[in-house]
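For the sequence shown, full-length UniProt numbering assigns the number 1 to the initial residue and increments by one for each residue that follows.
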Amino acid sequence: MMTRNTPSYWVHNSRWETLEDKHKGQRPHIDPNAIPTNWPDHLDEAIRQLNDHILPALNATPCELLFALPFRPDRAVPLVALPTTPTDTHINFTLAETFHADAHLLSLRDAERRKTSFDTHAPITTFKIGDLVQVYDSASDFNHKSINKLTPKWSKPRLIYGEFSNSFSLCTTTGIPLKGLFHSRRMHHFIPLCGSHLDIAHLRDNEPQPEANQAIAEAEEKMFKDLTQNSSKLNPPTADEGL
Numbered sequence: 001m002m003t004r005n006t007p008s009y010w011v012h013n014s015r016w017e018t019l020e021d022k023h024k025g026q027r028p029h030i031d032p033n034a035i036p037t038n039w040p041d042h043l044d045e046a047i048r049q050l051n052d053h054i055l056p057a058l059n060a061t062p063c064e065l066l067f068a069l070p071f072r073p074d075r076a077v078p079l080v081a082l083p084t085t086p087t088d089t090h091i092n093f094t095l096a097e098t099f100h101a102d103a104h105l106l107s108l109r110d111a112e113r114r115k116t117s118f119d120t121h122a123p124i125t126t127f128k129i130g131d132l133v134q135v136y137d138s139a140s141d142f143n144h145k146s147i148n149k150l151t152p153k154w155s156k157p158r159l160i161y162g163e164f165s166n167s168f169s170l171c172t173t174t175g176i177p178l179k180g181l182f183h184s185r186r187m188h189h190f191i192p193l194c195g196s197h198l199d200i201a202h203l204r205d206n207e208p209q210p211e212a213n214q215a216i217a218e219a220e221e222k223m224f225k226d227l228t229q230n231s232s233k234l235n236p237p238t239a240d241e242g243l
């Protein structure tokens, strides 16, 4: 959670856009708490700078995209408003539609470039039959009920027993099949606790674990034992349970 004043931090970043040191690659250190309390007086100027900021991918500013007119210093603006004819109106609409079409094509090209860069550098996750996985509950993403804040997003460990292109058939760890197919984008590998029955029954590899992974596994085991002991102290068995 951000503890700093969000508007002040935004004004701090907007102020950075106007500093000459930006072109030298040196960002000065400004304490957000040192920003004066009259920052709302400069809000209109900050908004103007955001609207006049040229987007490199589109070679246009948000203001230009809205009005379909190039607002650049080299564009001469007449001091006296000239009369507008129907021909001028049709020409303006044609140029505006062309400007919007060019910006749309440039945005698609930029999106394709970003996707290609992501696909090239993103790690590839593969699944095979016998792997332990968890399934993400995507149905609750657009459900804003309060109970969903406490409901786990990932399922219990499941086993893959069938493969159909990018979808898989799953079953419980006891072998009970689940209905339907599950796409790989909703799944991730489940790594069981070191030394647990799932870890022993489903070995990931035959190589010994590195020292770092072994230390993490031992810390997890210790934490699990502490939680079990604390829960037993806080909830002692009743007379009925003892019988």
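C-beta atoms are modelled at their ideal positions from N, C-alpha and C, and glycine is treated no differently.
Query, Result
"Can you give me the start and stop residues for the alpha helix (DSSP H) that residue 47 sits inside?", "43–51"
"Hey, how far is the Cα of residue 186 from the Cα of residue 150?", "20 Å"
"Would residue 163 and residue 124 be called neighbours here (beta carbons separated by less than 8 Å)?", "no"
"In three-state DSSP terms, what is residue 198?", "helix"
"Where does residue 66 sit, in a helix, a strand or coil, going by DSSP?", "helix"
"Please state whether DSSP places residue 107 in a helix, a strand or coil.", "helix"
"Name, in chain order, the residues that DSSP records as bridge partners for residue 247.", "Examination of residue 247 is not possible in this model, given that the chain is present from 1 through 243 alone."
"Pull the bridge partners of residue 81 from the DSSP assignment, please.", "BP columns for residue 81 are empty, so no partner."
"According to DSSP, is residue 183 helix, strand or coil?", "strand"
"Give the C-beta separation of residue 157 and residue 132 to the nearest angstrom, bearing in mind that I take them to be a contact with Cβ-Cβ under 8 Å.", "5 Å"
"Buried or exposed: where does residue 207 fall if 16 or more other Cβ atoms within 10 Å of its Cβ makes it buried?", "Low per-residue confidence applies at residue 207: pLDDT is 45, beneath 50, and the placement is therefore not dependable enough to give any value."
"When burial is assigned at 16 or more other CB atoms within 10 Å of the CB, is residue 168 buried or exposed?", "buried"
"If residue 57 sits next to residue 106, beta carbons under 8 Å apart, how far is it from one beta carbon to the other, in whole angstroms?", "6 Å"
"Measuring only the C-alpha atoms, how far is residue 54 from residue 109?", "17 Å"
"Classify residue 189 as helix, strand or coil using the three-state DSSP reduction.", "strand"
"Looking only at its own chain, which residues have a Cβ that is under 6 Å from the Cβ of residue 62, when we skip the five neighbours before and after it?", "51"
"In the DSSP assignment, the beta strand (DSSP E) including residue 161 goes from what residue to what residue?", "158–164"
"Identify which residue in 176, 202 and 137 has its Cα closest to the Cα of residue 184.", "137"
"So, for residue 177: in the same chain, excluding its five sequence neighbours on each side, which residues have a beta-carbon less than 6 Å away from its beta-carbon?", "171"
"Residue 65 and residue 103 look like a contact to me (Cβ under 8 Å); what is the Cβ gap, rounded to whole Å?", "6 Å"
"With DSSP run on the structure shown, which of helix, strand or coil describes residue 60?", "strand"
"With which residues is residue 154 paired in a DSSP beta bridge?", "136"
"What does a CB cutoff of less than 8 Å around residue 225 pick up in its chain, not counting 5 residues either side in sequence?", "none"
"Report buried or exposed for residue 122, applying the criterion of at least 16 other Cβ atoms within 10 angstroms of its Cβ.", "exposed"
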